[in-house]
Amino acid sequence: MIKLKISVITINFNNAEGLQKTIESVVNQKNALIEYLVIDGGSTDRSVELIEEHSGKIAYYVSEKDSGVYDAMNKGIKASTGDYLIFLNSGDVFVSEDVIAEAVKVGFEADLVSGNMIYNNNGERRKWIPADQLTFSLFYFTGIPHPSTFIKRTLFDIVGLYDENLTIVSDWKFFILAACKHSCSYQHIDKFISEFSEDGMSSAPENIPTILKEREQVINDHFSAFMPDYEELWAAKKQLRKLRYTIKIKKFFGIR
Numbered sequence: 000m001i002k003l004k005i006s007v008i009t010i011n012f013n014n015a016e017g018l019q020k021t022i023e024s025v026v027n028q029k030n031a032l033i034e035y036l037v038i039d040g041g042s043t044d045r046s047v048e049l050i051e052e053h054s055g056k057i058a059y060y061v062s063e064k065d066s067g068v069y070d071a072m073n074k075g076i077k078a079s080t081g082d083y084l085i086f087l088n089s090g091d092v093f094v095s096e097d098v099i100a101e102a103v104k105v106g107f108e109a110d111l112v113s114g115n116m117i118y119n120n121n122g123e124r125r126k127w128i129p130a131d132q133l134t135f136s137l138f139y140f141t142g143i144p145h146p147s148t149f150i151k152r153t154l155f156d157i158v159g160l161y162d163e164n165l166t167i168v169s170d171w172k173f174f175i176l177a178a179c180k181h182s183c184s185y186q187h188i189d190k191f192i193s194e195f196s197e198d199g200m201s202s203a204p205e206n207i208p209t210i211l212k213e214r215e216q217v218i219n220d221h222f223s224a225f226m227p228d229y230e231e232l233w234a235a236k237k238q239l240r241k242l243r244y245t246i247k248i249k250k251f252f253g254i255r
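Heads up: the sequence shown begins at 0 in numbering that gives the first Met the number 0, then just goes up one per residue.
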């Protein structure tokens, strides 16, 4: 039986504390064939020192300026040689030391293999269990967890690299194009893979308008026939949110 090689790619910029946790989480993985790549954006803190301290277990690393997170990810993709790739950015960690080995043991049968993910917001944790099947409507409001998804290396040859013109949702764009335009295969494995630190761009409330704008742009550019449905669903969601808020306020003040 041929052992799958998993390329783990970490993106970092001036987050030495988070990077240390991530590096330790990766290099301590047991019984798995892992190629570890670290792409640093020219950090001025202790990040490069940390990378060099672990250079014996890092297959490839670079520290240089980039145009953004997706430029950095694309550098990692181009340098990788694994059968599957997974992105674990600085501050994120794998849930255990044998999680990669256990995930591979299940048997990867698809282009995209998604496991479960834990959100960590300053110690407050919640779970994300991805869907068992990918549908277009799923991507209206969510998608699949990037840090818990193994991506077949050859899928980037079909779909293309991450869109560097987008600032936050390029991984979401890659997944919706892979699933809904290129009909890639998908597999959900019911195992927790990673813990995601909610201090990144995609988790900041102030970035929600940018996220929505970029998603609308992707749908309009690639799935324009579904744009009216997308707008209608978001309008309905906003109305539902207002209704829930009104009910909550009335309940608080005892208003019927």
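For every residue, glycine included, the Cβ atom is placed at its ideal position computed from N, Cα and C. Quantities reported herein were computed from a predicted structural model and do not represent experimental measurements.
{"Query": "Could you pull the DSSP bridge partners for residue 32 from this structure?", "Result": "4"}
{"Query": "So, is residue 221 buried or exposed, given that buried needs 16 or more other C-beta atoms within 10 angstroms?", "Result": "exposed"}
{"Query": "Residue 214 lies in the alpha helix (DSSP H); which residues open and close that run?", "Result": "207-221"}
{"Query": "How about the stretch 137-150 and the stretch 166-175: do they share at least three Cβ pairs that are nearer than 8 Å?", "Result": "yes"}
{"Query": "What does residue 39 pair with, by DSSP beta-bridge criteria?", "Result": "11 and 62"}
{"Query": "Check whether the Cβ atoms of residue 4 and residue 32 lie closer than 8 Å to each other.", "Result": "yes"}
{"Query": "Within 8 Å, do at least three Cβ pairs link the stretch 52-67 to the stretch 114-123?", "Result": "no"}
{"Query": "Got a sec? Which residues, its chain only, sit under 8 Å from residue 62 by beta carbon, not counting five neighbours each side?", "Result": "39, 40, 41, 42, 46, 47 and 50"}
{"Query": "Can you round the beta-carbon distance between residue 295 and residue 20 to whole angstroms, since I take them to be within the 8 Å contact cut?", "Result": "In the structure as shown, the chain begins at 0 and stops at 255. Residue 295 is therefore absent and cannot be evaluated."}
{"Query": "What are the partner residues of residue 187, as DSSP defines its beta bridges?", "Result": "113"}
{"Query": "Let's see if you can read the secondary structure: which residues bound the alpha helix (DSSP H) around residue 123?", "Result": "Unbroken run through residue 123 is the beta strand (DSSP E), 123-127; no alpha helix (DSSP H)."}
{"Query": "Could you spell out the range, first to last residue, of the alpha helix (DSSP H) harbouring residue 104?", "Result": "98-105"}
{"Query": "CA-CA distance, residue 66 and residue 206?", "Result": "18 Å"}
{"Query": "In terms of alpha-carbon separation, which member of 29, 79 and 16 lies closest to residue 37?", "Result": "79"}
{"Query": "Since residue 196 sits in a beta bridge, which residues does DSSP pair it with?", "Result": "119"}
{"Query": "For the putative contact between residue 89 and residue 18, defined by C-beta atoms under 8 Å, what is the C-beta separation to the nearest angstrom?", "Result": "4 Å"}
{"Query": "Can you tell me whether residue 135 is helix, strand or coil according to DSSP?", "Result": "coil"}
{"Query": "On the premise that residue 100 lies in contact with residue 29, defined as a C-beta separation below 8 Å, what is that separation, rounded to the nearest angstrom?", "Result": "6 Å"}
{"Query": "Using 10 angstroms around the beta-carbon of residue 106, count the other beta-carbons present and answer buried if the total reaches 16, otherwise exposed.", "Result": "exposed"}
{"Query": "Helix or strand or just coil, what does DSSP make of residue 151?", "Result": "strand"}
{"Query": "Under 8 Å by Cβ, that's how I've got residue 190 and residue 114 pegged, so tell me the actual separation to the nearest angstrom.", "Result": "5 Å"}
{"Query": "Looking at the structure shown, is residue 69 part of a helix, part of a strand, or coil, going by DSSP?", "Result": "helix"}
{"Query": "Quick one: what's got a C-beta closer than 7 Å to residue 147's C-beta in the same chain, skipping five residues either side?", "Result": "113, 114, 115, 116, 192 and 193"}
{"Query": "Could you please give the first and the last residue of the uninterrupted beta strand (DSSP E) stretch that includes residue 143?", "Result": "Taken as a continuous stretch (DSSP letters only), residue 143 belongs to no beta strand (DSSP E), as it is neither H nor E."}
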